[in-house]
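Asks: Before anything else, here's the structure in question.
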Amino acid sequence: MNKIDIRTVNVVQYIYPLREGGSLPAIVKADDGFQYVLKFRGAGQGKKALIAEFIGGELARAIGLNVPELVFMNLDNSFSKTEPDEEIQDLLKFSVGLNLGLHFLSSAITFDPLVSKVDANTASKIVLLDSITSNIDRTAKNTNLLHWNHELWIIDNGASFYFHHNWETWKNHLTRTFPLIKDHVLLQKATHLTEAAKEIKHLINEEKITEIVSSIPEDWLLSESDSLSPTEMRDAYIQYLNTRLSKIDLLVKEAEDAR
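Shown next as structure tokens:
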């Protein structure tokens with residue numbers, strides 16, 4: 000089965016925490032010399048947030064949106080031993096192993112819906128992407144968008160796929176749309192939804208979805224509290240996304256009605 004090409008790097012320096020994020024991500028340096036925003040497996044939503052971040056980010060990249068490079072990041076147990084802050088110390092301790100990093104966009108500015116500009120096609124693609132992935136966290140309160148080098152960049156897809164927090168009921172979500180799109184920060188600017196839907200259908204198919212889902216590290220899919228095996232979880236993500244794509248016209252109508 001084909002996988003996408005994701006680099007794996009090792010954390011060599013913990014620089015500082017990003018306290019505006021509820022899960023305390025951090026700026027770290029890796030052994031390739033670059034800085035990353037490290038998302039921790041030991042944070043609140045755990046490995047599921049990393050899976051959502053990974054799938055959402057790679058789908059965004061597949062439809063031509065700007066996403067910082069995603070890398071798998073190995074964290075060893077040496078960092079928690081030298082960290083004086085107890086909260087961060089625990090986070091580092093529970094996050095030993097494979098985590099997720101996003102290339103750090105130095106001097107990027109947070110998207111401001113009142114000031115920042117975005118073209119209608121880009122806004123429409125982002126709105127539909129978030130409908131497809133059921134991302135509840137791209138609102139005016141928390142845009143999870145950055146301006147960097149005069150371009151709009153997508154970050155923080157970790158609140159997507161909220162169905163995976165309860166695998167017992169995940170199939171119920173196959174028949175649903177995404178009414179929460181009414182709160183999307185870019186909804187008013189998303190005036191090219193029909194055109195964006197055609198582009199997305201052209202760029203994402205079952206093969207691409209399978210490629211992305213197959214690239215999720217096996218370790219992230221292992222949990223004593225989950226009722227599904229890793230293989231069943233991969234199949235569920237693939238089925239969910241294929242179902243969403245098949246009803247993209249319904250998602251377009253829902254977003255247009257909400258606007």
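Residue numbers (numbering that gives the first Met the number 0): 0 to 258. Ideal Cβ positions, reconstructed from N, Cα and C, are used throughout, including at glycine.
Grab the span of the beta strand (DSSP E) containing K116 for me, first residue to last.
Replies: Segment: none, K116 is in no beta strand (DSSP E) and carries neither H nor E.
Asks: Starting from V212, trace the alpha helix (DSSP H) in both directions and tell me its first and last residue.
Replies: Where V212 is concerned, the enclosing alpha helix (DSSP H) stretches over 205-213.
Asks: Would I108 and I125 qualify as a contact pair, given that the criterion is a beta-carbon distance under 8 Å?
Replies: No, the pair does not count as a contact, with Cβ atoms beyond the cut-off.
Asks: Taking just the CA atoms, how far does S224 sit from L181?
Replies: Residue identity differs from the one stated: residue 181 is Lys in this sequence, not Leu. Going by the C-alpha atoms only, they are around 33 Å apart.
Asks: Bridge partners for N165 per DSSP, in chain order?
Replies: In DSSP, N165 forms no bridge with anything.
Asks: Taking C-beta to C-beta, are F78 and I26 nearer than 8 Å?
Replies: Not a contact, by the Cβ cut-off of 8 Å.
Asks: In terms of alpha-carbon separation, which member of Q12, V10, K47 lies closest to P216?
Replies: Selected option, being the one with the closest Cα: K47.
Asks: Please classify K116 as buried or exposed, where buried requires at least 16 other C-beta atoms within 10 Å of its C-beta.
Replies: With fewer than 16 other Cβ atoms within 10 Å, it is exposed.
Asks: List the residues that DSSP assigns as beta-bridge partners of A51.
Replies: Its beta-bridge partners do not exist; DSSP assigns none.
Asks: Using a Cβ distance threshold of 8 Å, determine whether the region 44-62 contacts the region 197-205, with at least three qualifying pairs required.
Replies: Result yes; three or more Cβ-Cβ pairs closer than 8 Å.
Asks: Give the list of continuous beta strand (DSSP E) stretches no shorter than 3 residues that lie fully inside the region 148-193.
Replies: Qualifying beta strand (DSSP E) stretches, in chain order: 150-153.
Asks: Just mark T121 as buried or exposed, buried being the case when its beta carbon has 16 or more other beta carbons within 10 Å.
Replies: Under this definition T121 is a buried residue.
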